[in-house]
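Presented below is the structure to which this report refers.
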Amino acid sequence: MTADPIRPIRMKHVLLAFALATALVPAARAQTPPQPVVEGRTIEGQPFKLAALKGKVVLVMFWSTGCAVCRDKMPELR
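Heads up: the sequence shown begins at 1208 in our numbering, then just goes up one per residue.
Here it is as structure tokens:
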């Protein structure tokens, strides 16, 4: 039985790719911007912090009473 000459080369490529991916993970995390601090009050007047919803999907919609489209969406917020 003869050894496959390509197999050691493939193994080197796999190991190199793994090492490169492992080395890049800390760099990718370092470039991630911090979570914005969003605090305010709910429609009911209760205090609200975005950090309290960590791990959940959140839709944050910014609007103004001076915006016609925003005013049209106000009934949906209730």
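Beta carbons: idealized from backbone N, C-alpha and C, even for Gly.
| Item | Value |
| --- | --- |
| At the level of alpha carbons, what is the spacing between Leu1266 and Cys1274? | 19 Å |
| Can you tell which of Leu1260, Val1264, Met1281 and Lys1263 has the C-alpha that lies nearest to the C-alpha of Ser1271? | Met1281 |
| DSSP state of Pro1243, grouped into three classes? | coil |
| Phe1255 lies in the beta strand (DSSP E); which residues open and close that run? | Pro1254 to Lys1256 |
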